[in-house]
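Structure, as structure tokens:
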Amino acid sequence: MSTATAKKPRLTTSAMIASIASEGQRTIAAPFGKALVTLAEQRPEIVGLTADLAKYTDLHLFGQAFPERFFQMGMAEQLLMAAAGGIAKEGFMPFATTYAVFGTRRAFDFVHQVIAEENLNVKLCCALPGLTTGYGPSHQAAEDLALVRAIPGMTVIDPCDALDIEQAVPAIAAHNGPVYMRLLRGNVPLVLDEYDYKFELGKAKLLRGGNDVLLIASGIMTMRSLEVASALAADQVDVAVLHVPTIKPLDTATILAEASRSGRLVVVAENHTTVGGLGEAVATALLTAGVSPQFRQIALPDAFLDAGALPTLHDRYGISTDAMAKTIKTWLA
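Read in the UniProt record's numbering, the sequence shown has 65 at position 65, and its numbers run on one by one without any break.
Have a look at this one:
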């Protein structure tokens, strides 16, 4: 068959992609659901609630293991949050799941007033954070961190991979108070096991050192940052990667210690709009402490994002590995 008539390779991604793993990457299926089931075997006070999205947040595994402790609230996210708060008042520990757009934008006032104001022990675990779906602005939670960071007393977690999630589940359960955790579902990449990593609530972790660039990242952007560091090493660019899984409270001490090292370009990479996320939190910490490195941000634009296949969108908005590497090289030129 000639090249003119050869069929194009079939696209293997879609708008509602179930995993952000690249082809051939190591993954673990449903790490959140499995970790919660394991924890709930020892913690009878744990209950699971969702708003018609058990299968799509991996909470169905909890429902199968503990049907008497599982509550399906239907498509009513405000009710989900109100019910979780009421159940917490009775001494239980609700893990409530939905999509991040619904858990933040749609149900914000209920999270703020019912759960956070009374410091209730509710764990909100929300899937499709940032640009991890191609379904357009109705499903893309590009501003979820800005919303929940603004809530007094809310702990905010953005895990990188399956190991991070597995270890974060018991850690947020051990924390007394409301938690918002971004959730990766389905087949979740596994990368941090290669870096002697252990999740600690409120702590940032230096995964690799480097003399030219310090990449400060959270969530899937930590995985991308590690890939960028490997790619730029071929061009003799030495990149350090600092993983910040806890967005609030921020590990200011570790960030300042690393950013204070002279001669390095400091770049914050996040799967979130430039407004109100990790980048602004880090910039505020640096300025407040009088630390002023050369500072740049890789993030989603302050805009309503397009719909489409995720690899295309990640390239378009500059958060793919290749796009990040090219951008950093231009800053170093």
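In this text, a Cβ means the ideal position worked out from N, Cα and C, and glycines have one as well.
All values reported here derive from a predicted model rather than from experimental measurement.
Contact check for A146 and G277: beta-carbon distance about 6 angstroms, within the 8 angstroms limit, so the pair qualifies. For V228, the enclosing alpha helix (DSSP H) begins and ends at 220 to 233. Counting the other Cβ atoms within 10 Å of the Cβ of N271 gives 16 or more, which makes it buried. V179 carries a strand assignment under DSSP once its states are collapsed to helix, strand and coil.
For Y197, the three-state secondary structure derived from DSSP is coil.
Between M154 and Y195, the CB-CB gap reaches or exceeds 8 angstroms. For P189 against I20, the beta-carbon gap comes to about 7 angstroms, under 8 angstroms, which counts as contact.
Counting only residues of its own chain and dropping the five nearest sequence neighbours on each side, L124 has a CB closer than 6 angstroms to the CB of A96, G103, Y180.
M81 sits away from V101, with the two beta carbons spaced by 8 angstroms or more.
With contacts defined as CB atoms closer than 8 angstroms, A40 and F71 fail to qualify as a contacting pair.
In this structure, DSSP gives K203 a state outside helix and strand, which the three-state scheme calls coil. Cα atoms of V169 and V241: separation of roughly 23 angstroms, rounded to the nearest angstrom. With 16 or more neighbouring CB atoms inside 10 Å of its own CB, M221 falls in the buried class.
Judged by DSSP in its simplified three-state form, T104 adopts helix. Each residue's CA atom was taken as its position, placing Y56 and S138 some 16 angstroms apart. Residue pairing by DSSP places K123 opposite F95, V179 in a beta bridge. Looking at the DSSP output, Q297 bridges to V268.
Residue pairing from DSSP places P189 in a beta bridge opposite T27. DSSP places Q236 in no beta strand (DSSP E); its state is neither H nor E. In its own chain, leaving out the 5 sequence neighbours on each side, no residue places its CB closer than 6 angstroms to the CB of G86.
A Cβ-Cβ distance of about 5 angstroms is found for the pair P31 and I165, placing them in contact under the 8 angstroms criterion. The alpha-carbon separation between T132 and L206 amounts to approximately 25 angstroms. Rounded to the nearest whole angstrom, the C-alpha separation of T254 and E68 is 43 angstroms. In the displayed model, I319 falls within coil according to three-state DSSP, outside both helix and strand.
Less than 8 angstroms separates the beta-carbon of I247 from that of R149. Ranked by how close their Cα comes to the Cα of G279, the residues E23, L250, L332 have L250 in first place. In the three-state reduction of the DSSP assignment, Q140 falls in the coil class, being assigned neither a helical nor a strand state.
Residue environment analysis places S225 among the buried positions, since at least 16 neighbouring C-beta atoms fall within 10 angstroms of its C-beta. If you check the CB distance, A127 and L183 come in under 8 angstroms. As DSSP reads the structure, H243 sits in a beta bridge with K205, A217. Going by DSSP, F62 is part of the alpha helix (DSSP H) stretching over 60 to 65. The C-beta distance from L120 to A171 rounds to 18 angstroms, too long to fall under 8 angstroms, and the pair is not in contact. Annotated as proximal: P94 and A84, with beta-carbon spacing under 8 angstroms. The shortest CA-to-CA distance from A231 to any of F199, S320, F304, D302 is the one to S320.
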